[in-house]
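Participant: This is the structure I have questions about; it appears just below.
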Amino acid sequence: MSPADSLRLILLSTLWGMSFIFMRVAVPEFGPVSLILVRMGIGSLLLLPLLFSLRYIKLVWENKGGLLLLGLVNHVLPFSLLALATVRLEAGFTSLINATTPIFTALLGALFFTTPVRRQQYLGLALAFFGVYVLSANRLDFALGGDGWFILAAVGATFCYGVATNYSKTYLSHLPVRVLAAGSTAMSALILLIPGLWLWPAEPISGLAWANGLGLAAFSTTLAFLLYFGLISSAGATATSTVTFLVPVSALLWGYLLLGERLSLQVMVGMAITLTGTAIATGMIRWRRREVA
9 MSPADSLRLI LLSTLWGMSF IFMRVAVPEF GPVSLILVRM GIGSLLLLPL
59 LFSLRYIKLV WENKGGLLLL GLVNHVLPFS LLALATVRLE AGFTSLINAT
109 TPIFTALLGA LFFTTPVRRQ QYLGLALAFF GVYVLSANRL DFALGGDGWF
159 ILAAVGATFC YGVATNYSKT YLSHLPVRVL AAGSTAMSAL ILLIPGLWLW
209 PAEPISGLAW ANGLGLAAFS TTLAFLLYFG LISSAGATAT STVTFLVPVS
259 ALLWGYLLLG ERLSLQVMVG MAITLTGTAI ATGMIRWRRR EVA
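Structure, rendered in structure tokens:
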């Protein structure tokens, strides 16, 4: 990575780490679905200028079905599930569960998209899932109102990301990144329009909640998407994927500084195990057998 790309990576991890803070503050007043409508609606308006070309508009129209499905599984469902999770779970805790996205990407790729999985990756997968268990072992309460359902919502979001990553790589990789970003975001806003307005809160929304909702849309969605796809173009997908390991650190730090969230020993140990397993599963940590002469 060049120094400029390294700075972009740090900024991207900060923006995506802040998204958990924005949701944690705004979702109690907006509700999960209405907040994500604000996120995707404003995000799509800010990204649509990227499509101001007959060629790009034609590509969006020709691939509208695929972009609609991508918007559903990569934005609408996971963002709504993560917003629901932050109703109860701390921002840093939720981001750590979200860091297991590469695990579901690898599993679903092997099961349904004929993506090979190396033997070393199985160890990483098992270690990452054990890390999630360490994180949440004392919070898996599935009684009414228990944390278990909110943890399950966060895990469901990572499952959706795994489906979306494999689907876009297999069926939409021929599209320019601006078409993928702006097209899927606009489709997400259309999907959310009716349910988001239907579930819009009856009580007035405070200025603080609006500020966090707008920050979520402008910084953690629009600006983050532009940085993300720009990094893929300049530094490559493998280097860009390291953001997975930086986002939880950012979210934990911002949660501690801004929301007073506690950094317990259990969270730190669970984070270390989960991120180590993810690094092994994604090939960032690998080892080779010694050759015998």
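Just so we're aligned: the sequence shown equals residues 9 to 301 in our numbering.
We treat Cβ as the ideally placed atom computed from N, Cα and C, and that holds for glycine.
Only a predicted model underlies this, so the values are computations on that prediction, with no experimental measurement involved.
#1: Going along the chain, which residues of its own chain have a beta-carbon closer than 8 Å to the beta-carbon of Asn71, five neighbours each way excluded?
#2: Note down the Cα distance separating Phe158 from Ala93, rounded to an integer number of angstroms.
#3: Taking the alpha helix (DSSP H) that Trp208 falls in, what are its first and last residues?
#4: Please go through the segment 33-89 and give each complete alpha helix (DSSP H) segment of 4 or more residues, from N-terminal end onward.
#5: If you draw a straight line from the alpha carbon of Leu78 to that of Ala136, how long is it in whole angstroms?
#6: Rounded to whole angstroms, what's the CA-CA distance from Leu273 to Asp149? Just pull it up for me.
#7: Less than 8 Å between the beta carbons of Gly132 and Ile18, yes or no?
#8: Following the continuous alpha helix (DSSP H) through Ile159, name the residue where it begins and the one where it ends.
#9: Using CA atoms only, rank isn't needed, just tell me which of Ala280, Asn174, Ala219 is closest to Pro8.
#10: Does DSSP put Asp13 in a helix, a strand or coil?
#11: Can you give the Cα-Cα distance for Gly268 and Gly215, rounded to whole angstroms?
#12: State the start and end residues of the unbroken alpha helix (DSSP H) segment that holds Arg127.
#13: Given Phe121, which residues of its chain have a CB within under 7 Å of its CB, disregarding the five upstream and five downstream residues?
#14: Excluding five sequence neighbours on each side, which residues of the same chain lie with their C-beta closer than 6 Å to the C-beta of Gly223?
#15: In terms of residues, what are the limits of the alpha helix (DSSP H) holding Ser258?
#16: Which residue wins for smallest C-alpha separation from Val140, given the options Arg127, Thr166, Ala232, Phe227?
#17: Which residues in the same chain have their Cβ closer than 7 Å to the Cβ of Ser228, if we skip the five residues on either side of it in sequence?
#18: Short of 7 Å in beta carbon distance, which residues of its chain neighbour Tyr264, apart from the five on each side in sequence? Order them along the chain.
#19: Return helix, strand or coil for Ile202, following the three-state DSSP convention.
#20: Indicate the three-state DSSP secondary structure (helix, strand or coil) for Thr102 in the structure shown.
#21: Taking a contact to mean a Cβ-Cβ separation below 8 Å, would you say Leu97 touches Ala162 in this structure?
#22: Quick one: what does DSSP say Arg337 is sitting in, helix, strand or coil?
Facilitator: Well, looking at it:
#1: Leu180, Leu183, Val187, Gly191
#2: 5 Å
#3: That residue, Trp208, is in no alpha helix (DSSP H); it is neither H nor E in DSSP.
#4: 40-55, 62-70, 72-79
#5: For Leu78 and Ala136, the distance between alpha carbons rounds to 26 Å.
#6: 20 Å
#7: no
#8: 155-179
#9: Limits of the chain in this structure are 9 at one end and 301 at the other, which puts residue 8 out of reach.
#10: helix
#11: 21 Å
#12: 127-144
#13: Asn174, Thr178
#14: Here the set comprises Phe30.
#15: 251-267
#16: Thr166
#17: Leu23, Trp24, Met26, Ser27, Phe30
#18: Leu271
#19: helix
#20: helix
#21: yes
#22: The requested residue 337 is not part of the displayed model; the chain covers only 9 to 301.
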